[in-house]
Amino acid sequence: MSGRYPGKYLIGLTGNIAVGKSLVLEMLAGLGAGAIDADQVAHQIMRRGEAAYDEIVPAFGAGILDDAGEIRRAALGKIVFADPARLQALEGITHPAIRARIDRLIRASASGVVVIEAIKLLEGALKDVVDSVWVVDASPATQRRRLMSERGLSKSEAERRIALQNSQADKLRQADVIIRNDGPIAETRAQVQRAWAEIASPRGSL
108 MSGRYPGKYL IGLTGNIAVG KSLVLEMLAG LGAGAIDADQ VAHQIMRRGE
158 AAYDEIVPAF GAGILDDAGE IRRAALGKIV FADPARLQAL EGITHPAIRA
208 RIDRLIRASA SGVVVIEAIK LLEGALKDVV DSVWVVDASP ATQRRRLMSE
258 RGLSKSEAER RIALQNSQAD KLRQADVIIR NDGPIAETRA QVQRAWAEIA
308 SPRGSL
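For the sequence shown, the working numbering gives the first residue as 108, with consecutive numbering after it.
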């Protein structure tokens, strides 16, 4: 049980790019967990009038904006995924705003179990507030295939994005639960259900 959020059990869901974190988050939500997607929160805080917008635009230039003045995440992604220093600069702007928004979402959730999906969960302050760390894992070949088929990236761009990630092995070493997501969806679902049952049993009805 989280000391910072009384009455709530927090799962930190992480893993590198294209391993299938969103799929596992969806499955957990279907079992009754409150679901928070840090990437969606990042979308929100980058919109015009939101917390990070006025810092991102001067730092990365008007070329990242669309005709309506909103940040084009694809254009921003091309910049930061080609330069680790620029990625670090972007994270320095966005992460405090993301953490603040997630804090509010946790407190507002009506669910006793809340899942926070975040690719950088273990590299930031969120790791200190969750009760359990779940890591979704998939092979580099699966990651590359998903990036190419689902996001339309070239093979070289997919491999570059995979290479820019922090170590998946480090995440796995810190995991309380590992969900392998190379196989059929039914196999992934069975793993999620088994892990959910273990936290549900001592808590009774969730």
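Virtual Cβ for every residue (Gly too), placed ideally from N, Cα, C. In this text the structure is predicted, and so the values were computed from the model without any measurement.
Collapsed DSSP secondary structure at residue i in the structure displayed
{"i": "S274", "result": "coil"}
{"i": "V187", "result": "helix"}
{"i": "R111", "result": "coil"}
{"i": "L260", "result": "coil"}
{"i": "V164", "result": "helix"}
{"i": "A302", "result": "helix"}
{"i": "A159", "result": "coil"}
{"i": "G290", "result": "coil"}
{"i": "R296", "result": "helix"}
{"i": "M153", "result": "coil"}
{"i": "V126", "result": "coil"}
{"i": "G137", "result": "helix"}
{"i": "A207", "result": "helix"}
{"i": "G231", "result": "coil"}
{"i": "A196", "result": "helix"}
{"i": "A217", "result": "coil"}
{"i": "S312", "result": "Confidence in S312 is poor, its pLDDT being 42 and thus under 50, which makes the residue's placement unreliable; the coordinate value appears in the next sentence. Correct three-state label for S312: coil."}
Euclidean distance between Cα positions of residue i and residue j
{"i": "I269", "j": "R253", "result": "11 Å"}
{"i": "G259", "j": "G184", "result": "14 Å"}
{"i": "L313", "j": "V220", "result": "At L313 the pLDDT is 49, less than 50, meaning the model places this residue with poor confidence; the figure from the coordinates comes in the next sentence. Each residue's alpha carbon lies about 7 Å from the other."}
{"i": "R251", "j": "I209", "result": "29 Å"}
{"i": "R155", "j": "G176", "result": "7 Å"}
{"i": "A265", "j": "S218", "result": "36 Å"}
{"i": "R280", "j": "V164", "result": "37 Å"}
{"i": "A182", "j": "P247", "result": "25 Å"}
{"i": "I306", "j": "D244", "result": "20 Å"}
{"i": "D161", "j": "R193", "result": "17 Å"}
{"i": "K234", "j": "P291", "result": "29 Å"}
{"i": "A204", "j": "H150", "result": "11 Å"}
Beta-bridge pairing of residue i - partner residues as DSSP gives them
{"i": "D144", "result": "E224"}
{"i": "G119", "result": "I223, V240"}
{"i": "L172", "result": "I178"}
{"i": "V284", "result": "W241"}
Anticipated Cβ contact below 8 Å, residue i with residue j, distance rounded
{"i": "V299", "j": "V131", "result": "6 Å"}
{"i": "A166", "j": "A196", "result": "6 Å"}
{"i": "E198", "j": "D144", "result": "With 8 Å as the limit, E198 and D144 do not qualify as a contact, their Cβ atoms being about 17 Å apart."}
{"i": "Y112", "j": "R214", "result": "7 Å"}
{"i": "P191", "j": "L271", "result": "7 Å"}
Proximity below 8 Å, CB of residue i to CB of residue j
{"i": "S118", "j": "V222", "result": "Per the sequence shown, residue 118 should be read as Ile rather than Ser. It is a contact, given that the beta carbons lie within the stated cut-off."}
{"i": "R180", "j": "D173", "result": "no"}
{"i": "R206", "j": "A189", "result": "no"}
{"i": "V284", "j": "A304", "result": "no"}
{"i": "L229", "j": "T295", "result": "no"}
{"i": "D288", "j": "G127", "result": "Per the sequence presented here, residue 288 reads as Asn, with Asp not at that position. Yes, they are a contact pair."}
{"i": "I152", "j": "A159", "result": "yes"}
{"i": "I124", "j": "I226", "result": "yes"}
{"i": "Y116", "j": "D238", "result": "yes"}
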